[in-house]
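So for the sequence shown, UniProt numbering puts the first residue at 1; every next one is plus one.
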Amino acid sequence: MAITKKDNKAAKKAPVKFTIDCSSPANDGIFDIDSFEKFLHDRVKVGGRTGNLADAVAIAKGASGSLTITVQPNTQFPKRYIKYLTKKFLKKHQLRDWIRVISSSKNAYELRYFNIADADNDAEDDE
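Next comes the structure, spelled out in structure tokens:
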């Protein structure tokens, strides 16, 4: 059996893109995408430091009411961290009781309203 030499050249990985769909609350006028984008720029940590985005992470606003976060392949950036920062922003602006963060796909989150009308109807039925 002959020993074969492995090719150590790793294929270049594509950057990972995460999206946050804020269109529903933004269209209603209770959510400001510009302030959310600024919040993420100020709060995202890369290498244990805030304000260290440089080339590793890029945050851009989409046309359809969404934010796109592009992460370079050599940077560790968990998707859960985006959810944490989004919930922190909602809490800061007293929107946490009305809006929740839901994973809509592998690389995307969506902001949705809680179903409060159903809970009110159930409470009235119990009385």
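Think of the CB as a built atom: it goes at the ideal place given N, C-alpha and C, for glycine as much as any other residue.
Practice prompt. For Ala108, I'd like the list of residues in its chain whose CB is within less than 8 Å of its CB, leaving aside the five on either flank, ordered along the chain.
Written response: Residue 108 sits at position 108 when you count from the first residue of the sequence shown. Phe18, Thr19, Ile20 and Asp21.
Practice prompt. Starting from Thr50, follow its DSSP beta bridges and name the residues at the other end.
Written response: Start at 1 with the first residue of the sequence shown, and residue 50 comes out as number 50. DSSP lists Lys45 as partners of Thr50.
Fill in: Contiguous alpha helix (DSSP H) assignments of at least 4 residues, all confined to the region 78 to 114
79 to 92
Worksheet item: Going by Cα to Cα distance, which pick from Ile99, Lys12 and Phe36 is closest to Ser66?
Response: As a first step, residue 66 is located in the sequence shown; it is residue number 66 there, counting from the start. The shortest Cα separation from Ser66 among Ile99, Lys12 and Phe36 belongs to Phe36.
Fill in: Which of helix, strand or coil DSSP assigns to Phe18
Sequence index remark: in the sequence shown, residue 18 carries index 18 (1-based). DSSP places Phe18 in strand when its eight states are reduced to three.
Worksheet entry | Element boundaries [alpha helix (DSSP H), containing Ala26] | Taking the first residue of the sequence shown as position 1, residue 26 is located at position 26. Looking at the DSSP string, the run of the alpha helix (DSSP H) that includes Ala26 is Ser23 to Asp28.
Practice prompt. Mark Phe114 as exposed unless 16 or more other C-beta atoms lie within 10 angstroms of its C-beta, in which case mark it buried.
Written response: Here residue 114 refers to the residue found at position 114 when the sequence shown is read from its first residue. Exposed.
Worksheet item: Taking the continuous beta strand (DSSP E) assigned at Lys61, which residues delimit it?
Response: Within the sequence shown, the letter at position 61 stands for residue 61. Per DSSP, Lys61 belongs to the beta strand (DSSP E) from Val57 to Lys61.
Worksheet item: In the structure shown, what three-state DSSP assignment does Ile3 receive?
Response: Translated into the one-based positions of the sequence shown, residue 3 becomes position 3. Here Ile3 sits in coil by DSSP.
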